[in-house]
Structure formats: C-alpha cells, structure tokens
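Residue numbers (this note's numbering): 94 to 302.
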C-alpha cells in the first residue's frame with residue numbers, strides 16, 4: 094500500500110510542476126534575451142522561457158503608449174520594458190522629478206535611479222544623463238540655499254560606473270515644470286566603437302569608445 098502511495102505521489106509531481114498557470118495578464122510584450130515582459134493589474138513583470146516569474150510585478154518599469162522617434166535612444170523610446178545585457182530600466186520619482194536606473198534579471202537594483210535619462214545597454218555599455226548640483230550660496234532672508242544644476246552625457250558600465258564623459262555640461266532647471274519629461278539624449282551609435290554626440294554648441298562630435 095505504501096509503495097502504491099509513493100508511486101502515485103511521484104507521478105503527480107510533474108503534473109503539479111507543469112500545471113502552474115499565470116492568469117489575468119493584460120498584455121504580453123516581445124521576448125528579449127529569453128525574458129518576456131508581462132502586464133498585470135497595471136504592473137509589469139518578467140517571465141523566463143520556462144514560464145517562471147523572475148521579476149515580480151512592479152510599477153517602476155518603463156513603458157510608453159506613445160513612443161518618441163526612432164532616433165531617440167532614451168526612455169521615451171521604450172514601448173515595453175525590456176531586458177538588454179541583463180539590465181532593465183527602472184524609474185524613481187524624487188521631489189516630483191523622475192530619475193532612472195537599472196535592475197538585473199532577478200529584480201535586484203544594480204544601478205540606483207540617479208540619471209535624468211538612460212538608454213538600454215548594448216555590449217556592456219549604456220548612455221546616460223548624469224546630473225550634478227552646485228551650491229551658489231545662501232539666501233538668509235528666504236532661508237534657502239541657491240543651487241544650480243547641469244548634466245553631462247556619459248557612458249556607463251553595467252554597474253553604473255562612468256566610463257567616459259561625452260558631452261556637456263548642459264544647464265538644466267530641476268523642477269517639475271521643467272522636467273516633466275526626461276531631457277533627450279542627443280547621441281547615437283555610429284558603429285560598434287564610434288558614437289556621435291551633440292555638444293552644447295549644437296554641433297555633432299564623434300567619440301571613439
């Protein structure tokens with residue numbers, strides 16, 4: 094009797110393992126690098142090729158109902174969340190300003206959201222707009238510190254370290270009125286080792302990577 098019971102349990106294990114169904118999905122995006130973005134309750138997650146949920150449903154993944162032009166490499170070009178070089182873009186809003194970073198294939202944050210815009214990774218590199226703050230002094234009457242802000246176009250590695258400064262500085266007003274949308278990354282890959290970037294003087298430069 095015990096033998097029959099054990100055999101029955103072992104026969105049921107594959108059925109229990111492969112009968113898992115992820116239900117009530119609102120949208121299934123295109124697969125990339127073996128990972129599939131899926132939408133449920135207005136939150137995105139990722140399935141692997143075995144149908145396992147590797148990135149739990151969350152509300153900070155990037156997607157746009159209307160995307161920007163094909164030449165845009167930043168977050169406005171993302172119709173669906175996507176995994177590129179094992180990295181997925183995330184957004185965090187601080188003081189009503191959106192900042193962008195990356196998680197890995199398990200959902201762990203590997204690059205903190207600190208950039209004004211980012212591209213997807215390619216060959217271990219991504220473009221980003223790195224913001225810097227400078228104190229100009231203090232207004233004692235208003236009891237505030239006066240600050241100025243700028244950003245540079247940089248190339249970062251998969252850990253978020255800046256590998257190369259490409260263009261800048263570009264002055265920017267850090268306010269919800271001025272930064273409702275991410276500043277455009279005025280750059281594009283020309284070849285595997287060359288990248289074109291528009292300077293503050295509105296002229297194109299070619300950088301060797």
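From the three backbone atoms N, C-alpha and C, an ideal C-beta is built for every residue, glycine too. Note that the structure is predicted; figures quoted are calculated from it, not measured.
field: CA nearest to the CA of residue 284, picked from 301, 209, 129 and 291
entry: Out of 301, 209, 129 and 291, 301 has the C-alpha closest to the C-alpha of residue 284.
message: So, at 7 Å on beta carbons, what are the nonlocal neighbours of residue 190 in its own chain, with the 5 sequence-adjacent residues on each side left out?
response: The residues are 267, 269 and 272.
field: Cβ-based neighbour list, residue 265, same chain, cut-off 8 Å, excluding 5 preceding and 5 following
entry: These residues qualify, in order along the chain: 209, 224, 242, 243, 244, 271, 272 and 276.
query: Considering only C-alpha positions, which residue in the set 216, 198, 130 and 185 is nearest to residue 115?
result: Of the candidates 216, 198, 130 and 185, the one whose C-alpha sits nearest the C-alpha of residue 115 is 130.
message: Could you compute how far the alpha carbon of residue 68 sits from the alpha carbon of residue 146?
response: The first residue shown for the chain is 94 and the last is 302, placing residue 68 beyond what the model contains.
query: In its own chain, which residues sit with a C-beta less than 6 Å from the C-beta of residue 260, not counting the 5 before and 5 after it?
result: Cβ neighbours of residue 260 within its own chain (closer than 6 Å, five residues either side excluded): 246, 290 and 292.
- prompt: beta strand (DSSP E) containing residue 154: first to last residue?
  reply: Neither: residue 154 is in no beta strand (DSSP E) and is coded neither H nor E.
message: Buried or exposed, going by whether 16 or more other CB atoms sit within 10 Å of the CB of residue 173?
response: Around the CB of residue 173, 16 or more other CB atoms lie within 10 Å, so the residue is classed as buried.
field: Backbone secondary structure at residue 292 - three-state DSSP
entry: Three-state DSSP puts residue 292 in coil, outside helix and strand.
- prompt: Secondary structure at residue 283, three-state DSSP: helix, strand or coil?
  reply: Looking at residue 283 - three-state DSSP - the assignment turns out to be coil, as it is neither helix nor strand.
- prompt: So, is residue 286 buried or exposed, given that buried needs 16 or more other C-beta atoms within 10 angstroms?
  reply: Exposed: under 16 other Cβ atoms inside 10 Å.
message: Quick check: the Cα distance between residue 140 and residue 128, rounded to an integer number of angstroms?
response: Straight-line spacing of the CA atoms in residue 140 and residue 128 works out to 6 Å.
query: Which value, in whole angstroms, describes the spacing of the CA atoms of residue 126 and residue 198?
result: Rounded to whole angstroms, residue 126 to residue 198 spans 10 Å at the Cα level.
- request: Report the three-state DSSP secondary structure of residue 298 (helix, strand or coil).
  value: Note: residue 298 maps to strand in three-state DSSP.
- prompt: Where residue 163 and residue 169 are concerned, what is the direct C-alpha to C-alpha distance, given to the nearest angstrom?
  reply: Taking the straight line joining both Cα atoms gives about 10 Å.
field: Member of 180, 193, 205 and 263 whose CA lies at the smallest distance from the CA of residue 226
entry: The residue with the shortest Cα to Cα distance from residue 226 is 263.
query: So who's on the other strand from residue 136, going by DSSP bridges?
result: According to DSSP, residue 136 bridges with 133.
query: By Cβ distance below 7 Å, which residues in the same chain neighbour residue 222 in space, the five residues on each side in sequence not counted?
result: The residues are 208, 209, 210, 244, 246, 276 and 278.
- prompt: With a CB to CB cut of under 8 Å and the five nearest residues on each side skipped, what residues in its chain are close to residue 297?
  reply: Only residues of its own chain outside the window of five on either side were considered, and among them 289, 290 and 291 have a CB closer than 8 Å to the CB of residue 297, listed in chain order.
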